[in-house]
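Asker: Protein chains in written order, with this note's numbering: chain A, 77 to 221; chain R, 9 to 225.
Just so you know, even glycine gets a beta-carbon here, dropped at the ideal spot from N, CA and C.
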Amino acid sequence: MNVVIMGCGRVGARVAALLDHTGNHVTVIDTDSRAFRRLPPNFGGETIIGTGIDEDVLRKAGIEEADAFIAVTNGDNRNIMAAQVARLVFEVPEVICRIYDPVREDTYRRLGLTTVCPTTTVSAIILDNVMRGTGEGSGARGGTT
Amino acid sequence: MYIIVAGGGKVGFYLAQHLLAEGHEVLLIERNPDRVTEINEVLGAVALPGDAAEAATLVAAGALRCDVVVAVTGEDEDNLVICQVAREKFHVGRTIARVNNPKNEHLFRMLGVDVTVSQTNYILNLIEQAIPDRSFVHLLSLQHEDLAIVDAKVSKDSAVANRSISEIELPPNTAIAAIARGAELIVPNANTLLLPGDDIFAIAHQDQEDDLRRLLV
Chain A
77 MNVVIMGCGR
87 VGARVAALLD
97 HTGNHVTVID
107 TDSRAFRRLP
117 PNFGGETIIG
127 TGIDEDVLRK
137 AGIEEADAFI
147 AVTNGDNRNI
157 MAAQVARLVF
167 EVPEVICRIY
177 DPVREDTYRR
187 LGLTTVCPTT
197 TVSAIILDNV
207 MRGTGEGSGA
217 RGGTT
Chain R
9 MYIIVAGGGK
19 VGFYLAQHLL
29 AEGHEVLLIE
39 RNPDRVTEIN
49 EVLGAVALPG
59 DAAEAATLVA
69 AGALRCDVVV
79 AVTGEDEDNL
89 VICQVAREKF
99 HVGRTIARVN
109 NPKNEHLFRM
119 LGVDVTVSQT
129 NYILNLIEQA
139 IPDRSFVHLL
149 SLQHEDLAIV
159 DAKVSKDSAV
169 ANRSISEIEL
179 PPNTAIAAIA
189 RGAELIVPNA
199 NTLLLPGDDI
209 FAIAHQDQED
219 DLRRLLV
């Protein structure tokens, strides 16, 4: 699979490394070349310096042949814009977009983007653990202890 | 009208000032609290600190009763999302975005922003007009049906020089609106002759500008 990842932070670098390790062709975009240091030394994919909201940068990253695009920079709006470009301009089959703000996440999920919201996901896990600690397990993770 | 302006830089500030002077109700949303204080000192209490792409900020700003949202921050991604959230979540009837990178203008409209303003293109056009002896200048893009207003100078060797308008075959959907000859402005009819040195102001489809250039210049 050809995968383009925008944002080489902790999540971007980890997803890139895992996909590369499992035999996919990975290209990572970041505005800061120092971010690529997060990739493991044996990373076999490509790195491109630039912003993923620029169509020319996306083209250079091989978006036209990509099977998947993953937007995981720190900026919600940047991720949202790049994801829409990938989906509507380049018609990438699988587009995943990280949005921290739960309200914006809900808006764009309704508009048809595949979204991941760390705020709601992490909050749910934390709450679940807190509740289990007090013996009021929500059952979300089995809850039988 | 109730207008929300997102972004309190120079463009947002002067836009808010202008709209207030015209008697509109204006609320300006700006991320930097120090800038909000500065603006409020000059314009009165019109600026609200916050992120205009956040629903909570837009609720506090009364987005549900607002007629127009204008997003003029320096970041294209912010302007896009502010307009999309305003439209999708608050059903704002008209959204206007400043586009910093001209490449994004088409994309913004594809993604549902009603009006885009590309300052880079405007500045390029103005500079182009200021350069002497340009024979064909794109003056203005009209968003309606992708029309453009152009200024073409008729040269001595032009195929249309010394011919009347009725003798010229213009590209389809193109109109000659006016002719400037020295200090005189002529509203042309079929018998008007085009003379070398005339400035022709024409309205054309943007994709026909090249045909028009070949014909007139």
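Determine the DSSP secondary structure at D159/R, reduced to helix, strand or coil.
Answerer: Counting from one through the second sequence, the residue named residue 159/R turns up at place 151. Strand at D159/R.
Asker: By how many angstroms is the C-alpha of L178/R removed from the C-alpha of F144/R?
Answerer: Here residue 144/R refers to the residue found at position 136 of the second sequence. Here residue 178/R refers to the residue found at position 170 of the second sequence. Cα to Cα, the separation comes out at about 16 Å.
Asker: Using a C-beta cutoff of 8 Å, does I208/R count as contacting chain A?
Answerer: As a working note, residue 208/R is residue 200 in the second sequence. No, I208/R lies away from the interface with chain A (no Cβ there is under 8 Å from its Cβ).
Asker: Return the CA-CA distance between F112/A and A89/A, expressed in angstroms with no decimal places.
Answerer: Numbered from 1 along the first sequence, position 36 holds the residue referred to as residue 112/A. Numbered from 1 along the first sequence, position 13 holds the residue referred to as residue 89/A. Cα to Cα, the separation comes out at about 8 Å.
Asker: At least one CB of chain A closer than 8 Å to the CB of D219/R: is that the case?
Answerer: Your numbering for residue 219/R matches position 211 in the second sequence. So no, D219/R is outside the interface.
Asker: Within the same chain, show all residues whose beta-carbon is closer than 8 Å to that of L203/R, passing over the 5 residues directly before and after it, in chain order.
Answerer: For this step, residue 203/R is matched to residue 195 along the second sequence. For L203/R, where only same-chain residues beyond five positions count, the Cβ hits under 8 Å are V162, A169, N170 and R189.
Asker: Considering only the alpha carbon of each residue, which of L201/R, A71/R, P57/R and Q214/R lies closest to L155/R?
Answerer: As a working note, residue 155/R is residue 147 in the second sequence. Closest by alpha carbon: Q214/R.
Asker: Going by DSSP, what residues sit across from L193/R in a beta bridge?
Answerer: Residue mapping note: residue 193/R aligns to position 185 of the second sequence, counting from 1. Its beta-bridge partners are A188/R.
Asker: Determine whether the Cβ of E181/A lies closer than 8 Å to any Cβ atom of chain R.
Answerer: The sequence position of residue 181/A within the first sequence is 105, counting from 1. Answer no: the Cβ-Cβ gap between E181/A and chain R never drops below 8 Å.
Asker: For V19/R, I'd like the list of residues in its chain whose CB is within less than 8 Å of its CB, leaving aside the five on either flank, ordered along the chain.
Answerer: For the purposes of this step, residue 19/R is identified with residue 11 of the second sequence, where counting begins at 1. Taken in chain order, the residues that qualify are V80, R106 and Q127.
Asker: Find out if the Cβ-Cβ distance for the pair R117/R, A160/R is shorter than 8 Å.
Answerer: Against the second sequence, residue 117/R aligns to sequence position 109. Against the second sequence, residue 160/R aligns to sequence position 152. No.
Asker: In its own chain, which residues sit with a C-beta less than 8 Å from the C-beta of P194/A, not counting the 5 before and 5 after it?
Answerer: Counting from 1 along the first sequence, the entry for residue 194/A is found at position 118. R174 and Y176.
Asker: Over the uninterrupted beta strand (DSSP E) stretch that includes E170/A, give me the two end residues.
Answerer: Locating residue 170/A in the first sequence gives position 94, where the first residue counts as 1. Residues E170 to R174.
Asker: Would you mind reading off the limits of the beta strand (DSSP E) that contains L147/R?
Answerer: As a first step, residue 147/R is located in the second sequence; it is residue number 139 there, counting from the start. That run of the beta strand (DSSP E) goes F144 to L150.
Asker: Relative to the C-alpha of N118/A, which residue among I105/A, M82/A, M207/A and L94/A is closest?
Answerer: Along the first sequence, one-based indexing puts residue 118/A at 42. It is L94/A whose Cα lies nearest to the Cα of N118/A.
Asker: Against N78/A, what residues of chain R qualify as contacts under a CB-to-CB distance less than 7 Å, listed in chain order?
Answerer: Taking the first residue of the first sequence as position 1, residue 78/A is located at position 2. What N78/A touches in chain R: nothing, since even the nearest Cβ is about 23 Å away.
Asker: Is T221/A helix, strand or coil when you go by DSSP?
Answerer: The sequence position of residue 221/A within the first sequence is 145, counting from 1. A caution first: T221/A carries a pLDDT of 42, below 50, which makes its placement in the model too unreliable to give a value.
Asker: Starting from H101/A, follow the beta strand (DSSP E) in both directions and report where the run begins and ends.
Answerer: Taking the first sequence and counting its residues from 1, the one referred to as residue 101/A is at position 25. H101/A -> beta strand (DSSP E) spans H101 to D106.
Asker: So N153/A packs on E85/R, CB below 8 Å; how close in whole Å?
Answerer: Your numbering for residue 153/A matches position 77 in the first sequence. Your numbering for residue 85/R matches position 77 in the second sequence. Contact holds; Cβ gap of about 4 Å.
Asker: Report yes if the C-beta distance between T190/A and E96/R is below 8 Å; otherwise report no.
Answerer: Residue mapping note: residue 190/A aligns to position 114 of the first sequence, counting from 1. Residue mapping note: residue 96/R aligns to position 88 of the second sequence, counting from 1. Contact flag unset, no.
Asker: When DSSP builds the beta bridges, which residues end up paired with L72/R?
Answerer: Residue 72/R sits at position 64 when you count from the first residue of the second sequence. Paired residue(s): none; L72/R is not in a bridge.
Asker: Do we get a CB-CB distance below 8 Å when we pair V161/A with the residues of chain R?
Answerer: By one-based count along the first sequence, residue 161/A stands at place 85. Yes, contact with chain R.
Asker: Does DSSP classify R39/R as helix, strand or coil?
Answerer: Along the second sequence, one-based indexing puts residue 39/R at 31. Coil.
Asker: Helix, strand or coil: which one does DSSP assign to L201/R?
Answerer: On the second sequence, position 193 is the one that residue 201/R refers to. Here L201/R sits in strand by DSSP.
Asker: On the DSSP bridge assignment, give the partners of T123/A in chain order.
Answerer: Counted from its first residue, the first sequence places residue 123/A at position 47. According to DSSP, T123/A bridges with V104/A.
Asker: Cβ closer than 7 Å: which chain R residues qualify as neighbours of E131/A?
Answerer: By one-based count along the first sequence, residue 131/A stands at place 55. Going along chain R in sequence order, the residues near E131/A (Cβ under 7 Å) are K111.
Asker: Note down the Cα distance separating G218/A from S199/A, rounded to an integer number of angstroms.
Answerer: In the first sequence, the residue the question calls residue 218/A occupies position 142. In the first sequence, the residue the question calls residue 199/A occupies position 123. Unreliable placement is indicated for G218/A, whose pLDDT of 46 sits below 50; the coordinate value is still reported in the next sentence. So the alpha carbons of these two residues sit roughly 17 Å apart.
Asker: Can you check the segment 173 to 206 of chain A for any beta strand (DSSP E) of at least 3 residues that lies completely inside it and give the ranges in chain order?
Answerer: Counting whole runs of 3 or more residues, the segment 173 to 206 of chain A contains the beta strand (DSSP E) stretches 190 to 192.
Asker: Within 8 Å of any Cβ in chain A, is that where the Cβ of D122/R sits?
Answerer: For the purposes of this step, residue 122/R is taken as residue 114 along the second sequence, with counting starting at 1. No, no contact with chain A.
Asker: Identify whether D207/R lies in helix, strand or coil by the three-state DSSP scheme.
Answerer: Here residue 207/R corresponds to residue number 199 of the second sequence, with the count starting at 1. In this structure, D207/R counts as strand in the three-state DSSP scheme.
Asker: Rounded to whole angstroms, what's the CA-CA distance from L193/R to I139/A? Just pull it up for me.
Answerer: Within the second sequence, residue 193/R is the residue found at index 185, counting from 1. Within the first sequence, residue 139/A is the residue found at index 63, counting from 1. Using only the alpha carbons, I get a separation of about 52 Å.
Asker: Given this structure, state the Cα-to-Cα distance separating V104/A from T182/R, to the nearest angstrom.
Answerer: The sequence position of residue 104/A within the first sequence is 28, counting from 1. The sequence position of residue 182/R within the second sequence is 174, counting from 1. V104/A and T182/R: Cα-Cα distance of roughly 47 Å.
Asker: Name, going along the chain, the residues of the segment 127 to 157 of chain A whose beta-carbon falls closer than 8 Å to a beta-carbon of chain R.
Answerer: Taking 8 Å as the Cβ-Cβ cut-off against chain R, the residues of the segment 127 to 157 of chain A that qualify are I129, D130, E131, D132, G151, D152, N153, R154, I156 and M157.
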